[in-house]
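Order-wise, the sequence lines are chains A and B.
Start counting the first sequence at 21; every next residue gets the next number (this note's numbering).
Start counting the second sequence at 21; every next residue gets the next number (this note's numbering).
Ideal placement from N, C-alpha and C gives every residue a C-beta, glycine not left out.
Note that the structure is predicted; figures quoted are calculated from it, not measured.
Protein chains: 2
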Amino acid sequence: MGLTKTEIFTAEQNRLSVMLKAMAHPARIAILQQIIKSNTCICGNLVDELGLAQPTISQHLKELKNAGLIQGTIEGVSICYCINPTVWSELQTGLGMLLGSYKDIQTCC
Amino acid sequence: MGLTKTEIFTAEQNRLSVMLKAMAHPARIAILQQIIKSNTCICGNLVDELGLAQPTISQHLKELKNAGLIQGTIEGVSICYCINPTVWSELQTGLGMLLGSYKDIQTCC
DNA sequence: TAAATTAATCGTAATATTGCGATATAAAGA
DNA sequence: TCTTTATATCGCAATATTACGATTAATTTA
């Protein structure tokens, strides 16, 4: 298989899982942190900052872009990436709902 | 390959990515929601609630347990699963740092 | 126009994930 | 003890992910 059965879940569950999967890699977490830190929008210097090859970085950027978390605009020869504010707040809302729904009161387990 | 280069990232980045990967599947999101909703700790009725086979559910539970997000205690014949409060708050902190570090002020992209 | 720079894409190898049928394990009840 | 019930594990097939060398595409500069 290797194929996720998305049809038996809600659109919200599938959407959140797509965003989480995009973030579920140390390189992509590092990329997001870099983009946020260097608020001038980072370009291809990610290859220098992280220790991964250029095609690998490019692929990780693509996945973040596919999930909608980041967006890129052409800036001359290089490309300027930044957080997509809309999707970022969608992520915050979705995660907030899930994480916040648990209240540490149960004495069950 | 298929193998993540964890050695070039920080422990925090790797740890967060492990927790996110555990959550990055609609079935596992659904399982977490069920566990939280039925605060009496859910057991094997997940198989009925979700439309997945028993071995598949068992495997998803294992991955959530491996990431530390849930814990299970034997309750007679069945097993009682619940959220691990410590790891849950670790996750909230880690995600809060990452998500909160972005301020929507940039006019860059 | 030619060279340089930057980033995407192609192709491939190694490994991981997903899903499930079949089977094993372990505790409870007859 | 034998059966039932609840889960875990094994093994497998299909697919996805990760990483990167080689190459391509696009833009800027000489």
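Item, Value
"Starting from Glu-69 (chain B), trace the beta strand (DSSP E) in both directions and tell me its first and last residue.", "Run containing Glu-69 (chain B): none in the beta strand (DSSP E); it sits in the alpha helix (DSSP H), 66-69."
"Based on the DSSP secondary-structure assignment, which residues constitute the bridge partners of Gly-92 (chain B)?", "B:Tyr-101"
"Quick check: the region 32-52 of chain A against the region 104-114 of chain A, are at least 3 beta-carbon pairs closer than 8 Å?", "yes"
"Give me the residue from B:Leu-118, B:Met-117, B:Ser-121 and B:Ser-58 with the minimum Cα distance to Cys-100 (chain B).", "B:Ser-58"
"So which of B:Gln-53, B:Asn-104 and B:Gly-22 has the shortest CA-CA distance to Asp-124 (chain A)?", "B:Asn-104"
"Quick check: what's the CA-CA separation for Glu-95 (chain B) versus Gln-79 (chain B)?", "19 Å"
"In the DSSP assignment, what residue or residues form a beta bridge with Ile-77 (chain A)?", "In DSSP, Ile-77 (chain A) forms no bridge with anything."
"How far does the alpha helix (DSSP H) with Asn-59 (chain A) in it reach, from first residue to last?", "That residue, Asn-59 (chain A), is in no alpha helix (DSSP H); it is neither H nor E in DSSP."
"Assuming Cys-129 (chain B) and Cys-61 (chain A) are in contact, meaning their beta carbons sit under 8 Å apart, how far apart are those beta carbons, in whole angstroms?", "6 Å"
"How far does the alpha helix (DSSP H) with Glu-32 (chain B) in it extend, from its first residue to its last?", "31-43"
"Quick one: what does DSSP say Met-117 (chain A) is sitting in, helix, strand or coil?", "helix"
"Run through DSSP, which three-state label would Leu-84 (chain B) get?", "helix"
"Cβ atoms of Ile-56 (chain A) and Ser-121 (chain B): under 8 Å apart, would you say?", "yes"
"Please report the distance separating the alpha-carbon of Asn-86 (chain A) from that of Leu-36 (chain A).", "13 Å"
"Going by C-alpha to C-alpha distance, which of B:Ile-51, B:Met-21, B:Lys-25 and B:Leu-118 sits closest to Leu-71 (chain A)?", "Leu is not the amino acid found at residue 71 (chain A); the sequence shown has Gly there. Of B:Ile-51, B:Met-21, B:Lys-25 and B:Leu-118, the residue nearest in Cα terms is B:Lys-25."
"Rounded to whole angstroms, how far is the Cβ of Leu-52 (chain B) from the Cβ of Leu-118 (chain A), which I believe are closer than 8 Å?", "7 Å"
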